[in-house]
Each structure stands twice: as structure tokens, then as C-alpha cells.
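First residue of the sequence shown: 1, per the UniProt record's numbering; consecutive thereafter. The beta-carbon is built from N, C-alpha and C at its ideal position, and this holds for glycine as well.
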Amino acid sequence: MLGIESLSPLSPNAHCECGSEEQTPEHILQNCPHLETIRQKFWQEETSVGAKLWGPADELRKTADFLAATGLRI
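What follows is the structure, encoded as C-alpha cells:
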């Protein structure tokens, strides 16, 4: 399961490179402006962070593929 406290191996602290907030699962999956284009490729309609993390298999596959596409090391 993704840990809320540690999705930021790209920076020495928990803040996202976009500078707007901490790099949490919700930020990465829902809010980060740097990832918006990639996010739109996987979710054309609004999808809750809960569905992306704990939803049906098709949503979990999208989440895994999205994370791979971001290049983030988790």
C-alpha cells in the first residue's frame, strides 16, 4: 500500500517539485499541476483518490500505469 508520508524520493524533503504542497498520494494522483497532462491520459473523468488507491482492478491498473508514466520512484 502506498505510504502517505513517503512518495518523494526525488527530493530530500516531502515537498513536491511543483512547489505547491507535500508530495502525498492525493497530491500526486489528484492535484499536482506538473502531472496534469499525464493524469488526463488515464482519467478523463473525475475519479476519487479512494477509487485510484482501493478501487476495482481496472482503476488500480490505471493507477499503476499512471505512476509508471510519471517516472516517480516509489
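Report the three-state DSSP secondary structure of residue i (helix, strand or coil).
i, result
"residue 45", "coil"
"residue 26", "helix"
"residue 50", "helix"
What I want to know is whether the C-beta of residue i ends up closer than 7 Å to one or more non-hydrogen atoms of the ligand HEM.
i, result
"residue 25", "This structure lacks the ligand HEM, and indeed carries no ligand of any kind."
Below 7 Å CB to CB, which residues in the same chain sit around residue i once its five sequence neighbours on both sides are set aside?
i, result
"residue 30", "49"
"residue 67", "74"
"residue 42", "62, 65 and 66"
"residue 32", "16 and 18"
"residue 55", "none"
Mark residue i as exposed unless 16 or more other C-beta atoms lie within 10 angstroms of its C-beta, in which case mark it buried.
i, result
"residue 23", "buried"
"residue 63", "buried"
"residue 25", "buried"
"residue 61", "exposed"
Using C-beta distances below 6 Å, list every residue in its chain close to residue i, excluding the 5 sequence neighbours before and after it, in chain order.
i, result
"residue 21", "27"
Pull up the DSSP beta-bridge partners for residue i, would you.
i, result
"residue 15", "22"
Starting from the C-beta of residue i, find all residues in its chain whose C-beta is less than 8 Å away, skip the five residues before and the five after it, and write them out in chain order.
i, result
"residue 70", "28, 35 and 38"
"residue 59", "47, 51 and 52"
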